[in-house]
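Position 14 (the sequence shown) corresponds to 13 in numbering that gives the first Met the number 0; numbering is contiguous. The beta carbon of each residue, even a glycine, is placed where N, CA and C say it ideally should be. Keep in mind it's a predicted model, so treat the numbers as computed, not measured. Input: a single structure, listed below in structure tokens.
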Amino acid sequence: MSERKHDNSNTYKVIEVVGSSPKSSDEAIRNAIADVVKTVKHVDWFEVTECRGHVEDGNIGHFQVGLRVGFRVEG
0 MSERKHDNSN TYKVIEVVGS SPKSSDEAIR NAIADVVKTV KHVDWFEVTE
50 CRGHVEDGNI GHFQVGLRVG FRVEG
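Quick look at the structure:
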């Protein structure tokens with residue numbers, strides 16, 4: 000098996016998470032990423048896959064945002 004040349008090519012693993020916030024969808028994303036980077040190394044990107052929430056007494060009570068998060072696999 001040959002060694003891989005050092006170049007700009009990367010391999011990524013993708014996980015799915017859901018962030019939440021009572022304030023905004025933006026904060027839900029930030030909360031999710033802040034928690035992920037505590038335990039996952041080399042996080043490089045995220046993609047929003049869904050946005051939802053629930054309504055309480057006619058107002059938005061909570062935002063939930065589904066994310067796919069990509070991180071580099073160490074080689």
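{"Check": "Where residue 16 sits in the DSSP three-state scheme", "Outcome": "strand"}
{"Check": "Touching by the beta-carbon criterion (3+ pairs, under 8 Å), the stretch 53-64 and the stretch 33-45", "Outcome": "no"}
{"Check": "Residues sharing a beta bridge with residue 29, DSSP", "Outcome": "None, per the DSSP bridge assignment."}
{"Check": "Beta-bridge partners of residue 60, as assigned by DSSP", "Outcome": "According to DSSP, residue 60 bridges with nothing at all."}
{"Check": "6 Å CB neighbourhood of residue 24 in its chain, flanking five on each side removed", "Outcome": "50, 62, 64"}
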